[in-house]
Amino acid sequence: MEGSSRKGISILIVATFFLAMMDGFSRYLAELYDVFVINMFRFWIIGSFVILISLRGKGVLKSILLTKQPFAQVSRGLLFISSLLTAIYSYTQVGLIFTHSLMAVAPLLAVLLSGLILKEKITRVKLVAVFLGFLGVVVILNPLNIEITLTLLLPLFSAINFALYAVLTRKVASTDNTETSFFWVSIVAAIVMTLPGPVIYRPIEFLDIYWLFLLCICSLLGHFLLTNAYRYAEASILQPFAYFHLLFASMVGVVFFKDPLTISTIIGGVMIVASGIFIAKKGTKDLVE
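So the sequence shown is numbered by the numbering used here: it starts at -17 and just counts up by one.
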């Protein structure tokens, strides 16, 4: 495998750890406050941080703000917000493990969408690997014991939006740097979250400000690393490793929220990780028809 691809994979795995911690903080706060309120404060903090960073030198803000793909950047922000809000609400309804198990179809969707939107080559080996990962998700869900309800559609809707967000992130990486992409998604999210703010506002308790701060730190690190990862490898190579988010989120769910961890979850998790490792070892050189 090429060195740049290995670097992209490593960055993505670290990003998924921070994102899983972010999910844990989000679930805790969403059980106490409105989802919009939590994310309004979150993106105010993140947006302020991004603006401060962009003001570190003369002409930096202008260089970060300029994008060759404004429509794609705004779309990324909207898709990200849609995926995020749906996922966080789902955490409070069906838990972290179940939500992320269903959302794990996002990498499979992203691999397919990368072929349609980015015209990346999707080989049989890639398709087989992500399909095996999807089978791992099915094992985790244990469909024989699942009662299908409308609530189950929430993680699936979130997965579709996140897959599109991931593919567009790869698309804009061809012309815009990491700072520009991070700036746009943060500012778009801050604006969207502010719109319903005056109607649903509720003050955050002093102790909960600490958890909100940790949420913001994990979000900053996770999404900055996630955006950066796509500069080093194709979306179709990276996406199977997004399954590590499921693994880390499951750990957070079990340890902090006492979500049930079943044998099927363990077996399915092993299958998912194995599919990602398989693609890593094969590499882009061997992924041919």
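Backbone N, C-alpha and C define an ideal beta-carbon position, used for all residues, glycine too.
Asked, Found
"contact_flag[the stretch 151 to 158, the stretch 24 to 39] where n(CB pairs < 8 Å) is 3 or more", "no"
"Cβ-Cβ separation, L228 to H82 (assumed contact under 8 Å), whole Å", "4 Å"
"Of the residues N210, V234, A172 and G250, the one placed nearest F62, counting alpha carbons only", "A172"
"Under 9 Å between C-beta atoms of G204 and F80", "no"
"Start-to-end residues for the alpha helix (DSSP H) that takes in S57", "P52 to V76"
"For R9 and Y225, the rounded distance between their alpha carbons", "19 Å"
"Complete alpha helix (DSSP H) runs within the stretch 110 to 166 (minimum length 4 residues, chain order)", "135 to 154"
"Beta-carbon gap between S140 and A92 smaller than 9 Å", "no"
"6 Å CB neighbourhood of G97 in its chain, flanking five on each side removed", "I104"
"Exposed unless 16 or more other CB atoms sit within 10 angstroms - verdict on V17", "buried"
"Cβ contact (3+ pairs, closer than 8 Å) linking the stretch 245 to 258 and the stretch 104 to 119", "yes"
"Beta-carbon proximity check, L11 vs D190, cutoff 9 Å", "yes"
"As assigned by DSSP and simplified to three states, the class of D16", "coil"
"Three-way DSSP call (helix, strand, coil) for A288 in this model", "The first residue shown for the chain is -17 and the last is 271, placing residue 288 beyond what the model contains."
"Unbroken alpha helix (DSSP H) run spanning K40, endpoints", "Per DSSP, K40 belongs to no alpha helix (DSSP H) and is neither H nor E."
"Coarse secondary structure for P89, derived from DSSP in three states", "helix"
"Alpha-carbon spacing of P52 relative to F164, whole angstroms", "13 Å"
"Status (buried if at least 16 other CB within 10 Å, exposed otherwise) for L48", "exposed"
"Status (buried if at least 16 other CB within 10 Å, exposed otherwise) for T131", "exposed"
"Spatial distance of Y15 from R184 (CA atoms)", "8 Å"
"Exposure of F144, with buried meaning 16 or more beta-carbon neighbours within 10 Å", "buried"
"I199: first and last residue of the uninterrupted alpha helix (DSSP H) it sits in", "F188 to A211"
"Distance between beta carbons of G59 and L220, contact taken as under 8 Å", "Rounded, the Cβ-Cβ distance is 20 Å, inconsistent with contact."
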